[in-house]
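Here this note's numbering is used: position 250 in the sequence shown is 299, and no number is missing along the way. We treat Cβ as the ideally placed atom computed from N, Cα and C, and that holds for glycine. Data first, discussion second: the structure below is written as structure tokens.
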Amino acid sequence: MQSGPIPPTASTIQLDGRELAGVRGSLGGPPSDAAPAGEAQPLRSVHTSNFSAILQELGISVLVTTYQAGKLVMLRPDGNRLNTHFRGFGRPMGLAVDGDRLAIGTAAEIWEYHNSPAVARRLEPAGSHDACFLPRSSVCTGDVQIHEMGWARSRGDDPELWFVNTRFSCLCTRSDKHSFVPRWRPPFISALAPEDRCHLNGLGMAGGLPAYVTALGTTDTPAGWRADKQDGGVILDVPSGEVIAQGLSMPHSPRWYDGRLWVLESGRGGFGCVDPDTGKYEAIAVLPGFTRGLDFCGPLAFIGLSQVRESAVFSGIDVAERPLAERCCGVWVVNIETGRTVAFVKFEDAVQEIFAVQALPGMRHPDVINDQPRIISDSFVVPDEALNLVPGLLRHDA
Numbered sequence: 050m051q052s053g054p055i056p057p058t059a060s061t062i063q064l065d066g067r068e069l070a071g072v073r074g075s076l077g078g079p080p081s082d083a084a085p086a087g088e089a090q091p092l093r094s095v096h097t098s099n100f101s102a103i104l105q106e107l108g109i110s111v112l113v114t115t116y117q118a119g120k121l122v123m124l125r126p127d128g129n130r131l132n133t134h135f136r137g138f139g140r141p142m143g144l145a146v147d148g149d150r151l152a153i154g155t156a157a158e159i160w161e162y163h164n165s166p167a168v169a170r171r172l173e174p175a176g177s178h179d180a181c182f183l184p185r186s187s188v189c190t191g192d193v194q195i196h197e198m199g200w201a202r203s204r205g206d207d208p209e210l211w212f213v214n215t216r217f218s219c220l221c222t223r224s225d226k227h228s229f230v231p232r233w234r235p236p237f238i239s240a241l242a243p244e245d246r247c248h249l250n251g252l253g254m255a256g257g258l259p260a261y262v263t264a265l266g267t268t269d270t271p272a273g274w275r276a277d278k279q280d281g282g283v284i285l286d287v288p289s290g291e292v293i294a295q296g297l298s299m300p301h302s303p304r305w306y307d308g309r310l311w312v313l314e315s316g317r318g319g320f321g322c323v324d325p326d327t328g329k330y331e332a333i334a335v336l337p338g339f340t341r342g343l344d345f346c347g348p349l350a351f352i353g354l355s356q357v358r359e360s361a362v363f364s365g366i367d368v369a370e371r372p373l374a375e376r377c378c379g380v381w382v383v384n385i386e387t388g389r390t391v392a393f394v395k396f397e398d399a400v401q402e403i404f405a406v407q408a409l410p411g412m413r414h415p416d417v418i419n420d421q422p423r424i425i426s427d428s429f430v431v432p433d434e435a436l437n438l439v440p441g442l443l444r445h446d447a
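Here you go:
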């Protein structure tokens, strides 16, 4: 089990047996002079020099949400540097990807974006983008404290988006008539009430269906989970409703991957796996922050870390009692077999908390268009049969 932070000021870093050049710095957006008084400071990050190469080799980029800073962050390989690209959203949290579909849960709505390769080819600088997600629809849920989300598939139908409705302690799907459609709730929750009774938060899919959820307690009273948040966390099996693991410290992000059930024991900065039959948790790594947000590619786990500060939510947990210098915010890359950290990107200043981490396979340099009116207004996606009627000079085939 690997533990402890990597010193970000080291001139060289030994990771998985290789000596690598030290940490590089970058800014979100173009270089500029110091921001004038009253303007937001740049969103800064530093990263190990191999982070970009890892993404390039895997053929992926990574999406990250930070609700605290109100940003969707795109981590994209750019030669030997990591490109960190930011888009503004209102309290973004859950992310879910299914091929060319991207769902983003925000403060009071769920946005659905679709990739348009033809538009990607037109983005500046020319030829640099391989994916472009355009907004296709949004559903107003109200403030239900959307947490993790996942696309469910059954019998070859179009995917259905499930999401954790933390405020009402249930799993839901979308509706064009209602704020949400409750589909499942833990057996110990007796009512549909906006009271955050157990802090349901994580959703893991398996076989194309919701399979596992995490909660911070098994309480059935308003915010009842807060009384035992240090060790009251559980993992539930969705089909049976049974608690399959308990005694966890603020667990998040259950994932079925490579034949194992993985989970983040956030309150201890932990990353590990759970035996669904015995409920035993095996720690693989302990990291320098509140672990939340998890995805995999090959033998690597991409894990979000938050630099939690003492508050009513985080008081009394192990991570919050560590010295502030030992609490980081960023994305750590961990070898799932050895538990060793192989790379990281660390956010500084404005970004202190992360929620979701999502890999985009086959997309090294994507963009998500949400505040570029000209691109949105002048980009039209039509069915193939209609595209045949469009004059050739106006057509950009996908």
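Quiz item: Closest by CA to G191, which one among A157, V146, I238, E197?
Solution: A157
Quiz item: When you compare only the Cα positions, how much space is there between Q401 and I385?
Solution: 25 Å
Quiz prompt | Residue closest to I159, alpha-carbon to alpha-carbon, out of L258, S224, E173, G148 | solution = S224
Exercise. Could you tell me whether the stretch 344-356 touches the stretch 252-267, where touching means 3 or more Cβ pairs closer than 8 Å?
Key: no
Quiz prompt | Every unbroken alpha helix (DSSP H) within the stretch 252-331, with a cutoff of 4 residues, ordered by chain | solution = none
Quiz item: When burial is assigned at 16 or more other CB atoms within 10 Å of the CB, is V383 buried or exposed?
Solution: buried
Exercise. Measure the C-alpha to C-alpha separation of V431 and R185 and round it to an integer number of angstroms.
Key: 12 Å
Quiz prompt | Beta-ladder partner(s) of I159, from DSSP | solution = G154, V188
Quiz item: Is the CB-CB distance between V368 and F339 below 9 Å?
Solution: yes
Self-check item: Distance CB(Q295)-CB(G365) smaller than 9 Å
Solution: no
Quiz item: Under 9 Å, do M412 and S98 count as touching if we go by C-beta distance?
Solution: no
Quiz item: In the stretch 92-125, which residue ranges form an unbroken alpha helix (DSSP H) of at least 4 residues, counting only runs that do not cross its ends?
Solution: 100-107
Exercise. Starting from K395, follow its DSSP beta bridges and name the residues at the other end.
Key: V95, G379
Practice problem: Quickly, what does DSSP pair A169 with across the bridge? List them, please. | Solution: A169 is not bridged to any residue.
Quiz item: Where does E209 sit, in a helix, a strand or coil, going by DSSP?
Solution: strand
Practice problem: Go ahead and pull the three-state DSSP assignment for R223. | Solution: coil
Exercise. Give a yes or no on whether the C-beta atoms belonging to F138 and I153 are separated by under 9 Å.
Key: yes
Quiz item: What first and last residue would you give for the alpha helix (DSSP H) that runs through I424?
Solution: 422-427
Quiz item: For V146, which three-state DSSP category applies?
Solution: strand
Quiz prompt | Bridge partner(s) assigned by DSSP for L183 | solution = H163
Practice problem: Taking 9 Å as the cut-off, decide whether the C-beta atoms of A405 and G143 are in contact. | Solution: yes
Quiz item: Under the three-state reduction of DSSP, which class applies to A334: helix, strand or coil?
Solution: strand
Exercise. Compute the Euclidean distance between the alpha carbons of C219 and R232, then round it to the nearest angstrom.
Key: 7 Å
Quiz prompt | Enclosing alpha helix (DSSP H) for D433 [first to last residue] | solution = 433-436
Self-check item: P415 to A180 span [Cα, whole Å]
Solution: 4 Å
Exercise. Please state whether DSSP places V430 in a helix, a strand or coil.
Key: coil
Exercise. Say whether chain C places a C-beta atom closer than 9 Å to the C-beta of D127.
Key: The structure shown contains no chain C; it holds only a single protein chain.
Quiz prompt | 7 Å CB neighbourhood of V287 in its chain, flanking five on each side removed | solution = W233, P259, A260, Y261, V262
Quiz item: Pick from L310, V394, F363: whose alpha carbon is nearest that of F351?
Solution: V394
Quiz item: In this structure, what does DSSP give as the bridge partners for R23?
Solution: This structure cannot speak to residue 23, because the chain is shown only from 50 to 447.
Quiz item: Whose C-beta lies closer than 6 Å to the C-beta of R202 among residues of the same chain, with five residues either side of it excluded?
Solution: P208, G257
Quiz item: For P166, which residues of its own chain have a beta-carbon under 8 Å away from its beta-carbon, when the five flanking residues on both sides are left out?
Solution: D179, A180, C181, A447
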